[in-house]
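Novice: Before we start, here is the structure in question, set down as structure tokens.
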Amino acid sequence: MYLRNVEPCDVETYIRMRCDPAMMADLGGPLPREGIAAKVERDAAEAAEDTSWIKMIVPDETRPEVVAGTVVVWSHDSDGEPLSEIGWMVLPEFQGRGLAKRAVRALLERARAEDRWGLVHAFPATTNAPSNGICRSIGFSFVGERNVPFADRVIRSNHWFVDPRSLDSPPQPPRPHRASDPDESPLSVASIVGRETRAAGLSFAVKQPNKRDR
Ligand SMILES: CC(C)(COP(=O)(O)OP(=O)(O)OC[C@H]1O[C@@H](n2cnc3c(N)ncnc32)[C@H](O)[C@@H]1OP(=O)(O)O)[C@@H](O)C(=O)NCCC(=O)NCCS
């Protein structure tokens, strides 16, 4: 699996994610198709500027044309303060394989590697069992319930947050020993994550607050 920036060609995936009754069941029902292409254009520009991280999930590196969903981190104002938020969606045929959890985890690890975004909040609907499962199993802390505006509706949501710097490091595969190794110390997690970040062609810069809806 890898993550790439959203591009203008991702309109069909956005329509499948946002205009489908099952995909939007916990988010107040499907959104109209009108405006989706413009939304993708805006998101692609925002991702290219690195204002927000708006990533498409590509499950198979050998088939980059197949996209399974999206994971997004952005910043917006909440009661006059900037708040970093993460959200995710995975299309039905890719659900139940742990993809959403891996994608969320990967983006949070990049947040840790870049030391960007500070505390990251999530607001899954109280009825959304898999999304709340993702928060729980990644190690988010539960704050409580609250009403959250989304598009033209209000969603009863659970409020979770995580400090990416406090994430457990995933186990690394053992490295073969070479006689020429200068020492026996394992590669640092920071260097591994940094290398993966560069390998994925991702670069991250300045943070800017923007709107809540994604
Ligand atoms: C929510 C969604 C992203 C989950 O995607 P997914 O790839 O199927 O999720 P994963 O396979 O990574 O599973 C995530 C966790 O939820 C758990 N889970 C999955 N379905 C569950 C269910 N019905 N009840 C409880 N837990 C569930 C999994 O066991 C896993 O936890 P674990 O690793 O501790 O076992 C996907 O269902 C989706 O896009 N739904 C529609 C849009 C949406 O609701 N987006 C989220 C808005 S906040």
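Quick note: the sequence shown uses my numbering, first residue 9, plus one each step.
For glycine and all other residues, C-beta sits at the position ideal for the given N, C-alpha and C.
Which residue comes first and which comes last in the alpha helix (DSSP H) that contains T135?
Specialist: Unbroken run through T135: none, as it is neither H nor E.
Novice: Tell me whether the region 125–137 and the region 155–170 touch, counting them as touching only if at least three CB pairs, one residue from each stretch, are closer than 8 Å.
Specialist: yes
Novice: Just to check, is the beta-carbon of A53 closer than 7 Å to a non-hydrogen atom of ligand 1?
Specialist: no
Novice: Is any heavy atom of ligand 1 found at a distance shorter than 7 Å from the C-beta of W168?
Specialist: Because no heavy atom of ligand 1 lies under 7 Å away, the Cβ of W168 does not count as near it: no.
Novice: What's the C-alpha gap between F150 and G37?
Specialist: 25 Å
Novice: Along the chain, where does the alpha helix (DSSP H) containing E49 start, and where does it finish?
Specialist: I44 to E57
Novice: Spatial neighbours of N140 within its chain, please: C-beta separation below 7 Å, excluding the five flanking residues on both sides.
Specialist: P132 and N166
Novice: Less than 7 Å between the CB of G95 and some heavy atom of ligand 1, yes or no?
Specialist: yes
Novice: Around the C-beta of D18, are 16 or more other C-beta atoms found within 10 angstroms, so that it is buried, or is it exposed?
Specialist: buried
Novice: Measuring straight from C-alpha to C-alpha, what distance separates M64 and C27?
Specialist: 17 Å
Novice: Leaving out five residues on either side along the sequence, give the residues of the same chain with a beta carbon under 8 Å from the beta carbon of I94.
Specialist: V79, V80, V81, V112, L115, L116, V128, H129 and A130
Novice: So V14 packs on I44, CB below 8 Å; how close in whole Å?
Specialist: Not a contact, Cβ separation roughly 12 Å.
Novice: Grab me the residues of A56's own chain with a C-beta within less than 7 Å of its C-beta, minus the 5 sequence neighbours each way, in chain order.
Specialist: N13
Novice: If you draw a straight line from the C-alpha of A159 to the C-alpha of D51, how long is it?
Specialist: For A159 and D51, the distance between alpha carbons rounds to 15 Å.
Novice: State yes or no: is the C-beta of T21 within less than 8 Å of the C-beta of V98?
Specialist: The beta carbons of T21 and V98 sit no closer together than 8 Å.
Novice: Would you please state the rounded distance, in angstroms, between the beta carbons of P67 and M25? I believe it to be under 8 Å.
Specialist: Actually they are not in contact, since the Cβ atoms of P67 and M25 sit about 15 Å apart, beyond 8 Å.
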